[in-house]
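Participant: Have a look at the structure that comes next, please.
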Amino acid sequence: MRRQDLALSAEETLAIVDQVQFAVLSLVDAAGRPYGVPLDYVRRGPVLYFHGAREGRKVSAMQKNPRGCAVIIGDNEIIPEKLGRHYKTVIVEGAIELIDDPDAKRQVMTWVVERKSPDYMGRGQRVIEKMLDRVLVYKMSMETVSGKHGL
């Protein structure tokens, strides 16, 4: 990061990753064009996990180039009198890998339900079982992680 004076600590950075519900994953698609896609994720250790449809531009992009950059926006508030904004952002870069093992996929999807709908785990487990063969699940290693704040 160019402006080290704006860097967040590792603890603050991971807290943002854990608090925020979505990211924009930037990829290079199969035609070599940039492609950003919003997605839900869950973090366990130094890994982001996410899921999606079995086909589409995101899938073909990750097959062609299995690396990505996720942008996570925490605080974001315009401060008119300062002619600026208060913000906290995180950028995560890393390799992306498809998870094939059904038990590992089930575990990731359970983490997603725990994060998004903890009061509905029973229903969530039934949905997971119905959808398990219809979704792809990925893990993205958090090789490079940086957090930044302003104002």
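Counting from 12, one number per residue, gives the positions in the sequence shown under this note's numbering.
All C-beta atoms, glycine included, are put in the ideal place defined by N, C-alpha and C.
All values derive from a computational prediction rather than experimental measurement.
#1: Of the residues 50, 25, 156, 66, which one's Cα is nearest the Cα of residue 32?
#2: Rounded to the nearest angstrom, what separates residue 84 and residue 36 at their Cα positions?
#3: Does any residue of chain C bring its CB to less than 8 Å from the CB of residue 47?
#4: Between 121, 106, 92, 99, which has its C-alpha nearest residue 140's C-alpha?
#5: Helix or strand or just coil, what does DSSP make of residue 86?
#6: Is it right to say residue 107 is buried, meaning 16 or more other beta carbons lie within 10 angstroms of its own, or is it exposed?
#7: Exposed or buried, residue 42, counting other C-beta atoms within 10 Å across all chains shown (16 or more means buried)?
#8: Can you tell me which of the three DSSP states residue 131 falls into?
#9: Excluding five sequence neighbours on each side, which residues of the same chain lie with their C-beta closer than 8 Å to the C-beta of residue 55?
#10: Which term fits residue 109, buried or exposed, when burial requires 16 or more other beta carbons within 10 angstroms of its beta carbon?
#11: Based on the DSSP secondary-structure assignment, which residues constitute the bridge partners of residue 108?
Facilitator: Checking against the coordinates, here is how it stands:
#1: Residue 32 sits at position 21 when you count from the first residue of the sequence shown. It is 50 whose Cα lies nearest to the Cα of residue 32.
#2: Locating residue 84 in the sequence shown gives position 73, counting from the first residue. Locating residue 36 in the sequence shown gives position 25, counting from the first residue. For residue 84 and residue 36, the distance between alpha carbons rounds to 12 Å.
#3: Reference to chain C is not applicable here, since this structure consists of a single protein chain.
#4: Residue numbering aside, residue 140 sits at position 129 when the sequence shown is read from its first letter. That would be 121, whose Cα lies nearest to the Cα of residue 140.
#5: Against the sequence shown, residue 86 aligns to sequence position 75. Strand.
#6: By 1-based counting over the sequence shown, the position of residue 107 is 96. Buried.
#7: One-based indexing of the sequence shown puts residue 42 at position 31. Label assigned to residue 42: exposed.
#8: One-based indexing of the sequence shown puts residue 131 at position 120. In this structure, residue 131 counts as helix in the three-state DSSP scheme.
#9: Reading the sequence shown from its first residue, position 44 is the one you call residue 55. The answer, listed in chain order, is 122.
#10: Taking the first residue of the sequence shown as position 1, residue 109 is located at position 98. Counting Cβ neighbours within 10 Å, residue 109 comes out exposed, since fewer than 16 surround it.
#11: Here residue 108 refers to the residue found at position 97 of the sequence shown. Partner(s): 150.
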